[in-house]
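Chains Z and U supply the protein sequences, listed in that same order. Everything in the first sequence is counted per the working numbering, starting at -15 for the first residue and increasing by one. Everything in the second sequence is counted per the working numbering, starting at 41 for the first residue and increasing by one. C-beta atoms are modelled at their ideal positions from N, C-alpha and C, and glycine is treated no differently.
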Amino acid sequence: MTRYLRLIRIFTGATLSAQLEYRANFLGAVLASVGEAGVALLGIAVLFGQPELDTVGGWTFHEALLVTGLFMLTEGVISVFIQPNMSKIAEAVRTGSMDFTLLKPIDAQFGVSTRHLNVLRVTDLLIGAGLIGYAASHLTVTPGGLAGAALLYLSAVVIVYCIWLALSTTAFWFVKTQNASELFNGVFGAARFPVTAFPVPVRALLTFVVPVAFITTVPAQAMTGTLTPALALASPLVAAALFVLTRLFWLRAVASYTSASS
Amino acid sequence: MTATWKKLRTLFAAQFAEMVEYRAEVVIWMLSGTLSLVMMLVWMAQAAAAPGGEINGYTPSEFASYFLGTWTVSQLMVVWVAWELDLDIRQGTLSPKLLRPLDPLWTWYTGHLAERVVRFPLMLVLVAVFAWLAGARFTTDPLAYLAALGLAFLGFSARFLWEYCVGLLAFWTESSTSFQEVVWLFYAALGGMFAPLAFYPQWVQNVAVWTPFPYMLGLPAQLLAGKASLADAGRGAAVLAAWLVIFWFLRLLVWRVGLRKYGAVGA
Chain Z
-15 MTRYLRLIRI
-5 FTGATLSAQL
5 EYRANFLGAV
15 LASVGEAGVA
25 LLGIAVLFGQ
35 PELDTVGGWT
45 FHEALLVTGL
55 FMLTEGVISV
65 FIQPNMSKIA
75 EAVRTGSMDF
85 TLLKPIDAQF
95 GVSTRHLNVL
105 RVTDLLIGAG
115 LIGYAASHLT
125 VTPGGLAGAA
135 LLYLSAVVIV
145 YCIWLALSTT
155 AFWFVKTQNA
165 SELFNGVFGA
175 ARFPVTAFPV
185 PVRALLTFVV
195 PVAFITTVPA
205 QAMTGTLTPA
215 LALASPLVAA
225 ALFVLTRLFW
235 LRAVASYTSA
245 SS
Chain U
41 MTATWKKLRT
51 LFAAQFAEMV
61 EYRAEVVIWM
71 LSGTLSLVMM
81 LVWMAQAAAA
91 PGGEINGYTP
101 SEFASYFLGT
111 WTVSQLMVVW
121 VAWELDLDIR
131 QGTLSPKLLR
141 PLDPLWTWYT
151 GHLAERVVRF
161 PLMLVLVAVF
171 AWLAGARFTT
181 DPLAYLAALG
191 LAFLGFSARF
201 LWEYCVGLLA
211 FWTESSTSFQ
221 EVVWLFYAAL
231 GGMFAPLAFY
241 PQWVQNVAVW
251 TPFPYMLGLP
261 AQLLAGKASL
271 ADAGRGAAVL
281 AAWLVIFWFL
291 RLLVWRVGLR
301 KYGAVGA
């Protein structure tokens, strides 16, 4: 375990020094973050701008803002930690450099999941955290609610990681996987609103088929103290089940890997 | 004139052949542009839950018509030329393209048009399915469809030119493509992807009418939904045409200055 923690530290140091060489890219990353935050905020701003609407799907403005903050935070988690690693799996399979990862005396899934970081998009994390803090300051949040939200957000991150890993693992059979992640981004876009803001059939889809509801709505509900015990239990269960399934899928993919030349 | 026309036709044929190979990807690209659809579902649910069954005069089915309209039009408005320019300029692969007897702009422009031809039938199938599921109703006036298509074509050309300018920024900065995100935000917001323009605060509407955005996205969608007249379409076309001229000269300017810089680094 300590070996893996030390490896994470080494990996982080290496990517940090590689990325900070290109300082001009920082401006670009900030612009992109501002753009994404703008899209997320405009969506709810126009909704709540209507005099007829003081709640959307039963959520007040600040409660909905909490969901938007969690959405931005998750975009940050994806672009800082998940996407930089996952997008390289397909390339490694195609060029055969996956051989080196598999030969190393560490778990290969750990290796492909922690090697890279995109530090520049830390702005997304900051914007997300700032929005959550701002929204929470207008709501009554208990310490218990906060702890519950943190725990449920952890399962949310596991869910997002598992979906991305599963999609990227298909690279062992298909050459290209960017398209699959594009599709995920499309569906994930629905997470910028509380799931109750959608029509009922779509709500079920976003909870049970593509578990988008668990990523932003459920942690926000925990924070405002409106979470039902059933959903509170379901989220870690879904995360655990997905983790086991993607782990098995990954092992199967690695077993069928025959390097680039064959 | 005939020589140029022949060049363009050959370019188009080649680009079309290339795009047909990507038909599976085209479907995925179409499905990943979901912002209109997400906004449609949210507005429909709010209108259904509202006391009068409508918000700002829009019933759920009218929201469905409007947002499916913006989704359809935005499909015709997809432009990726900034990415290609960014790559070509940074990798130096722009140089061989400069040797051809035609401005490289036309290669990309015909490429985008060819992709539209591949996209169009697939798009119609998806729109039909979505419209049936969401209960959207479109106008029966054939002239409205023609006008919407014309506006979409003008809008696409304007968007192509401004994205071209953004892509050309790669002559000076490494992060030109992130400027796209910010420009896209204005396009989506003022174009009416989040809500019909009438839902915005009055001062935003006053600013928006001077920009090309409402006429390339919201207006064609309103035409398809039967909520805008042909006179509106004519006014929109005039504004878009004026912006096209502006973007055209802007592109020429950036291109000339940029090429000088590109040559100076020794390409």
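For U:A238, there is no enclosing alpha helix (DSSP H), as DSSP gives it neither H nor E. Assigned with DSSP and collapsed to three states, Z:W43 falls in strand. Looking at the DSSP output, U:Y98 bridges to U:I95.
Judged by DSSP in its simplified three-state form, Z:W157 adopts coil rather than helix or strand.
The beta-carbon of Z:F182 is placed less than 8 Å from the nearest beta-carbon of chain U.
At least 8 Å separates the beta-carbon of U:L225 from that of U:Y255.
Look at U:L225: its C-beta is under 8 Å from a C-beta on chain Z.
Runs of the alpha helix (DSSP H) lying entirely within the stretch 119 to 167 of chain Z, each at least 4 residues long, are 127 to 153 in chain order. Residue contact with chain Z for U:P241: present (Cβ-Cβ distance below 8 Å to some residue of chain Z). Residue environment for U:W243: exposed (fewer than 16 other C-beta atoms within 10 angstroms of its C-beta). The beta-carbon of U:E155 is placed no less than 8 Å from the nearest beta-carbon of chain Z.
In the same chain as U:A265, and ignoring 5 residues on each side of it, the C-beta atoms closer than 6 Å to its own belong to S105, Y106, G109, in chain order. Just so you know, the alpha carbons of Z:L49 and Z:G80 end up roughly 45 Å apart.
With a threshold of 16 other beta carbon atoms within 10 Å, U:Q131 falls short and is exposed. For U:A53, the nearest beta carbon of chain Z is not closer than 8 Å to its own beta carbon. Of all residues in the stretch 195 to 228 of chain U, only T213, E214, S215, S218, F219, E221, V222, W224, L225, A228 come within less than 7 Å of chain Z when Cβ atoms are compared, listed by chain position. Against U:L81, the close residues of chain Z are F182, P183, V186, in the order they occur along the chain (beta-carbon pairs closer than 7 Å). Using a Cβ-Cβ cut-off of 8 Å, Z:L11 counts as an interface residue toward chain U, since at least one Cβ of chain U sits closer than that to its own. Remark: C-beta atoms of U:F239 and Z:V40 do not approach each other more closely than 8 Å.
One Cα belongs to Z:T154, the other to Z:A216, and the distance between them is close to 31 Å. Against Z:A16, the close residues of chain U are S218, E221, in the order they occur along the chain (beta-carbon pairs closer than 7 Å). Between the stretch 99 to 110 of chain Z and the stretch 127 to 137 of chain Z there are fewer than three inter-stretch CB-CB distances shorter than 8 Å, so the stretches are not counted as touching. In the three-state scheme derived from DSSP, where H, G and I count as helix and E and B as strand, U:R159 is classed as helix.
The stretch 18 to 63 of chain Z is shown to contain no whole beta strand (DSSP E) run of 3 or more residues.
Nearest CB-CB separation between U:S114 and chain Z: not below the 8 Å threshold. When the alpha-carbon of U:G195 is set against those of U:L237, U:A268, U:P260, the nearest one is in U:P260. If you draw a 10 Å sphere on the C-beta of U:S215, you find 16 or more other C-beta atoms in it, and that means buried. Annotated three-state conformation of U:K267 is coil, per DSSP. The beta carbon of Z:A197 sits closer than 7 Å to the beta carbons of V179, L190, T191 from its chain, once the five residues preceding and following it are set aside; these are given in chain order.
Among the residues facing chain Z, U:S269 is not included, as its CB has no counterpart in that chain under 8 Å away. Sequence-ordered contacts of the stretch 116 to 135 of chain U with chain Z are nonexistent [C-beta pairs closer than 9 Å].
DSSP places Z:I(-6) in the uninterrupted alpha helix (DSSP H) bounded by -14 to 3. Within the same chain, Cβ atoms closer than 6 Å to the Cβ of U:P100 are found at M84, A87, A88, the five residues on either side in sequence being excluded. Under the three-state reduction of DSSP, U:M117 is assigned to coil, being neither helix nor strand. Within chain U, V78, V82 have C-beta atoms less than 8 Å from the C-beta of Z:F177, given in sequence order.
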